[in-house]
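The UniProt record's numbering numbers the first residue of the sequence shown as 1 and each following residue consecutively. First comes the structure, then the notes that go with it.
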Amino acid sequence: MAAAQSNGHGGRKKPWIMNAFAMTAPGHLAPGLWRHPSQEKQTLAHWVELAKRLDEAKWHGLFFADVLGIYDVYGGPGNNAPALKAASQIPILDISLLVSAMAHATKNLSFGITASTTYENPYQLARKFSTLDEITGGRVGWNIVTSYLQSAAESFGLEQQIEHDERYRMADEFMEVVYKLLEGSWEDDAVEADKKTGVYANPEKVHKINHKGKYYKCAGPNLVAPTPQRTPFLLQAGASKAGKTFAATHTEAMFLPGMIPSKTKEIIDSTRSLLRDLGRAEDSIKFIAGIFIVVDETDEKAQAKFQDLLQYADLEGTAALFGGWSGTDLSTFSDDEDFAFSGPAGIQSLISSWTATVPGTAGLKWTKKTVLQHLALSGAHPRAS
Numbered sequence: 001m002a003a004a005q006s007n008g009h010g011g012r013k014k015p016w017i018m019n020a021f022a023m024t025a026p027g028h029l030a031p032g033l034w035r036h037p038s039q040e041k042q043t044l045a046h047w048v049e050l051a052k053r054l055d056e057a058k059w060h061g062l063f064f065a066d067v068l069g070i071y072d073v074y075g076g077p078g079n080n081a082p083a084l085k086a087a088s089q090i091p092i093l094d095i096s097l098l099v100s101a102m103a104h105a106t107k108n109l110s111f112g113i114t115a116s117t118t119y120e121n122p123y124q125l126a127r128k129f130s131t132l133d134e135i136t137g138g139r140v141g142w143n144i145v146t147s148y149l150q151s152a153a154e155s156f157g158l159e160q161q162i163e164h165d166e167r168y169r170m171a172d173e174f175m176e177v178v179y180k181l182l183e184g185s186w187e188d189d190a191v192e193a194d195k196k197t198g199v200y201a202n203p204e205k206v207h208k209i210n211h212k213g214k215y216y217k218c219a220g221p222n223l224v225a226p227t228p229q230r231t232p233f234l235l236q237a238g239a240s241k242a243g244k245t246f247a248a249t250h251t252e253a254m255f256l257p258g259m260i261p262s263k264t265k266e267i268i269d270s271t272r273s274l275l276r277d278l279g280r281a282e283d284s285i286k287f288i289a290g291i292f293i294v295v296d297e298t299d300e301k302a303q304a305k306f307q308d309l310l311q312y313a314d315l316e317g318t319a320a321l322f323g324g325w326s327g328t329d330l331s332t333f334s335d336d337e338d339f340a341f342s343g344p345a346g347i348q349s350l351i352s353s354w355t356a357t358v359p360g361t362a363g364l365k366w367t368k369k370t371v372l373q374h375l376a377l378s379g380a381h382p383r384a385s
């Protein structure tokens, strides 16, 4: 059920977008939590049951993150031991193969699936998402990523990652090919399925796309006839200049970390400015901020539950995640160094936010352990309990 939130200007209230955030790995943002006594093995039945509960509770969507490599910056380069020991987003299943079962067990819940424009092929991806759109009845979204792990690049046969902005230039052409396949290769009435004439699809209404660009060549057409949405709902999470421009050009929703409200507002304001420049309405993109919530009958019980979860957090595994996200190897810093006054600017920004918003953090010495304890369980998302 959609709750309401103020728009901040005393006007009409906007409906909340209730979107669960998950990953088909034993440790998503909480490495080590797989050791908790109540942790279930992530079988297909587990994911189907989660989807059913969210659907019954009237949530809008279940959004799955994904990665294509191992977090190996911490203690590295190339050191995958901390990630493997803590199950830091490894091992990880291909969510696109599980969604059909979850969709079959639900009526209204939508599914956001992450796929990379850097390592996928647009022809193959168009077929996959057309299939998912058909079997879910139009309840599928594509979280578009360009990927960021060096380990993924090496596993796909590259010596180095493709440069950041170049990946987004590739992504723009990737989208051009996908649009041609999904929107242009089949006319709306191409499927006749006429048993008298013996014509299933009218050849005059199915077209090759014959795309020839800098990065991609594709003859087409799409292998799947038009589906409920044709193009899936498009999401993106990039906050760089190139990422925001890409989002303003293509997407319908942006997923944002809400740890630093002022930074979140900057991303939203600058993206809305880009939307105006591109001739799109400011409200044509929905902005969805992440938050980690621990719920129980009373505040005391919720706090106790949080502490119970925290004792299973693997800080080495958390450091592995942070290394992949930021490129910073925390093993190169001393254990007693105060990051509030030195070290990476990104960590100092996080500390400033925690000090301003989290009770009891004023005057703390922000050592490596303290920083990792605050990143444990929820990553760069704010906590509420």
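We put the beta carbon where it would ideally sit given N, CA and C, even for glycine. Being a predicted model, the structure only gives us computed values, none of them experimental.
- A distance of 8 Å or more separates the beta carbons of SER284 and VAL224.
- When C-beta atoms of the stretch 345 to 352 are compared with those of the stretch 106 to 117, fewer than three pairs fall below 8 Å, so the two segments do not count as touching.
- By the neighbour-count criterion, in which 16 or more other beta carbons inside 10 Å mark a residue as buried, GLN307 falls on the exposed side.
- Taking 8 Å as the cut-off, the Cβ atoms of ASP329 and GLY32 do not count as close.
- As the crow flies, the alpha-carbon of ALA171 is around 7 Å from that of THR146.
- Note on GLU316: 16 or more other CB atoms within 10 angstroms of its CB, so buried under the neighbour-count rule.
- Here LEU256 carries a strand assignment [DSSP, helix/strand/coil].
- Each of SER262, SER334 and ALA289 was checked against the Cα of TRP16, and the nearest Cα belongs to ALA289.
- Around the Cβ of PRO228, a 10 Å sphere holds fewer than 16 other Cβ atoms; the residue is exposed.
- Taking every protein chain shown into account, the CB of LYS180 has 16 or more other CB atoms within 10 angstroms, so this residue is buried.
- Between the C-alpha atoms of GLY138 and ASP335 there is a straight-line separation of about 50 Å.
- Taking C-beta separations shorter than 7 Å and ignoring five residues to either side along the sequence, the partners of GLY27 in its chain run LEU33, TRP34, ALA86, ALA87, SER88, GLN89 and GLY317, following chain order.
- Taken in chain order, the whole alpha helix (DSSP H) runs of length 4 or more contained in the stretch 296 to 328 are 299 to 310 and 315 to 326.
- Taking the C-beta atoms as reference points, TRP186 is found no nearer than 8 Å to VAL199.
- With contacts defined by Cβ atoms closer than 8 Å, GLY69 and SER151 form a contacting pair.
- Relative to the Cα of ALA219, the nearest Cα in the group GLY213, PRO226 and LYS208 belongs to LYS208.
- For THR114, there is no enclosing alpha helix (DSSP H); the enclosing beta strand (DSSP E) has its first and last residue at 110 to 116.
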